[in-house]
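What follows is a set of notes on a single structure, which appears directly below.
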Amino acid sequence: MNRIICIPLFLFLVTPAFGQINWTKHTITDDFDGALWAHAADFDTDTDIDVVGAAWEANAIAWWENDGNENFTEHTLSNSFTGAACVYAVDLDDDGDGDVLGAAYHANTIAWWENTASGFSQHIISSTFGGAYSVYATDLDQDGDVDVLGAARTANTIAWWENDGNQVFTQHIIIDIFQDASSVFATDVDSDGDVDVLGAAGIGDDIAWWENDGNENFGLHVINGNFNGATAVYAADLDNDNDTDVIGAAYNANTIAWWENDGNESFTQHTVTNSFAGAGAVHAADLDNDGSMEILGAAWYANSIAHWGSASGVITNTFNYAHSVFAIDVDGDSDKDVLGSALQIDEIAWWESDFVGVDEGGNASVNHFDFGPTVINGHLRLPSGKQCYVYDIAGRTVSPVNLKPGIYFVKIEEDLRKVVKAR
């Protein structure tokens with residue numbers, strides 16, 4: 002007779018499940034005065050990941066060159082970018098290397114730094130974008146080049162700059178009554194093949210998106226108009242149903258939430274946490290390589306970077322005024338590490354994930370669990386002398402012999418964890 006175990010099944014989990022990823026902190030810099038934002042890309046085309054940051058107090062944009070062993074050397078791009086608030090790494094001129102975009106709050110400026118053989122050269126996109134605070138880039142008009150988007154807090158504006166293919170930019174205002182526009186992002190929200198725009202408004206308390214009609218005419222849709230102190234927005238398919246869900250951070254409400262898209266752009270809110278003090282940044286990435294996304298957040302007053310999903314946990318709670326978070330494989334070991342910046346302690350750091358990847362040796366022995374989930378390739382070997390059960394995704398007991406690829410739950414004595422069989 003088959004044993005049945007009740008396994009809580011959620012398309013997206015907001016409480017810890019089946020173990021944790023352990024994180025090891027590596028400080029890149031601790032003297033970047035007012036470190037407000039960090040992002041990453043391969044700037045020197047040597048196949049490793051470099052880091053770029055914006056420093057509010059230092060009025061600086063800088064990048065850190067990775068020597069391939071995660072030793073970082075600082076290079077300053079500008080120390081006169083007043084109120085440097087945001088950076089974004091992207092190949093803006095399509096020449097095969099990473100350029101840098103930046104937003105400067107006090108300078109009211111969106112600028113980019115062209116990566117050339119002799120270094121970086123600054124180009125101003127706009128110097129009249131009042132309180133420029135957030136910047137993003139994508140091919141918004143789908144003409145084969147990269148356009149630029151920005152959010153301006155004092156101008157209450159979301160705008161985009163059309164790239165003519167030669168990095169001559171023409172501004173288009175999407176909205177100029179979006180109170181305290183603090184964050185901008187772009188993706189295809191309605192699955193119609195064009196790129197839509199999302200924004201967060203801190204004073205307006207809005208999380209919203211603008212529908213692109215295919216000719217870059219944008220129609221406003223408010224997802225939540227009462228998200229107290231909406232500070233950040235991001236979007237990804239969180240529930241694996243092939244549509245785009247939306248994630249937001251609310252600074253005053255201390256809240257991280259996501260909105261489930263039903264496929265027709267009707268959104269249902271799910272609160273991830275309402276005790277993340279000073280929630281200021283959100284991101285999403287598959288941290289445990291199980292095919293589902295985790296939500297990541299950074300919180301000023303909690304001094305914290307944390308993640309929620311099938312892998313959940315606090316990465317740090319001593320990162321004073323944590324202001325940005327981003328996931329990328331810094332060390333080239335095929336799992337996602339986490340990058341962050343901390344305003345009060347002038348720090349940019351990354352946290353190395355200890356997630357164990359696919360075992361290429363053919364067999365895997367599972368005697369105990371230090372963290373999870375475990376990914377195996379080959380036969381699953383369980384310890385003798387211990388009470389062991391293997392359950393499929395429906396909670397039915399299955400034989401550990403000749404398991405097909407998929408997600409399983411292994412119980413050794415009283416310890417229940419998730420195992421992903423890759424092949």
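Residues 2 to 424, numbered by the numbering used here, are exactly what the sequence shown covers, in order. Glycine included, each C-beta is placed from N, C-alpha and C at the ideal position. Since the model is a prediction, treat every value here as computed from it, not as a measurement.
Short of 7 Å in beta carbon distance, which residues of its chain neighbour residue i, apart from the five on each side in sequence? Order them along the chain.
i, result
"E75", "T30, A63 and W65"
"D244", "S192, D238, N262 and G264"
"D142", "D148, E163 and E217"
"E414", "K387 and Q388"
"H27", "E71, A350, W351 and E353"
"F170", "I126, V149, W162, E163 and N164"
"A323", "A299, A300, W301, N304, S305, I306, G341 and A343"
"H40", "V53, V88, Y89, A90 and F327"
"N109", "S128, T129, F130, G131, G132 and A133"
"V315", "S305 and A307"
"F219", "I175, V198, W211, E212 and N213"
Mapping DSSP to helix, strand and coil, what is residue i?
i, result
"A59", "coil"
"T188", "strand"
"L404", "coil"
"L340", "strand"
"G264", "coil"
"N67", "strand"
"E348", "strand"
"F327", "strand"
"G200", "strand"
"D428", "Residue coverage of the chain in this structure runs from 2 to 424, which leaves residue 428 outside it and unanswerable."
"Q270", "strand"
"S335", "coil"
"K387", "coil"
"T28", "strand"
"T398", "strand"
"E414", "coil"
"I22", "coil"
"I178", "coil"
Assuming residue i is part of the beta strand (DSSP E), what are its boundary residues?
i, result
"N164", "T158 to N164"
"V88", "A85 to V91"
"T74", "F73 to S79"
"I208", "D207 to N213"
"I224", "F219 to N225"
"L37", "A36 to A42"
Measure from the alpha carbon of residue i to the alpha carbon of each residue in the options, then state which is nearest.
i, options, result
"D406", "I413, G35, K412 and D393", "For clarity, residue 406 is Pro in the given sequence; the question names Asp instead. Answer by Cα proximity: D393."
"F277", "A300, N164, T77 and G131", "A300"
"E266", "D100, V91, V391 and D246", "D246"
"F327", "V315, Y302, G298 and D355", "G298"
"F44", "H27, A85, D68 and N167", "D68"
"L102", "T46, G145 and A42", "A42"
"L199", "D165, G205, I224 and Q345", "I224"
"W352", "L383, T317 and N403", "T317"
"W259", "G279, N253 and A233", "A233"
"G230", "N213, D207 and G145", "D207"
"Y137", "A112, Q123, D34 and T117", "A112"
"G97", "A118, N80 and N109", "A118"
"A152", "F121, A187, H124 and F170", "A187"
"Q172", "S128, G279 and L37", "S128"
"D355", "V331, A280 and N241", "V331"
"A56", "A105, N167 and D338", "A105"
"A160", "S400, W210 and D177", "D177"
"D32", "T48, H124 and L344", "L344"
"V190", "I204, L221 and G166", "L221"
"T269", "G249, A280 and V283", "G249"
"D214", "I175, Y252, S184 and Y235", "I175"
"Q168", "N157, D100, G35 and N60", "D100"
"T139", "V283, S79 and D92", "D92"
"S81", "D94, F73, D95 and A59", "A59"
"A36", "D181, N321, V339 and A312", "N321"
"I22", "D334, S311, Y409 and F410", "S311"
"A254", "S79, V411, T274 and S325", "T274"
Within a Cβ cutoff of 6 Å, which residues of the same chain sit near residue i, ignoring the five residues on either side of it in sequence?
i, result
"T77", "A63"
"M294", "A237, L239, A285 and D287"
What I want to know is whether the C-beta of residue i ends up closer than 7 Å to one or more non-hydrogen atoms of the ligand MG.
i, result
"E71", "With respect to small molecules bound, the structure shown includes none, and the ligand MG cannot be examined in it."
>> Suppose only complete runs of 3+ residues qualify. What are the beta strand (DSSP E) ranges in the stretch 275-322, listed by chain order?
In response: Complete beta strand (DSSP E) runs here, min 3: 280-286, 295-300, 305-309 and 314-317.
> Quick one: complete alpha helix (DSSP H) runs, 4+ long, within the stretch 100-174?
Replying inline: The qualifying runs do not exist here; there are none.
> What are the uninterrupted segments assigned as beta strand (DSSP E) that are 3 or more residues long and contained completely in the stretch 228-260, given in chain order?
Replying inline: Counting only runs of 3 or more, we get 231-237 and 246-251.
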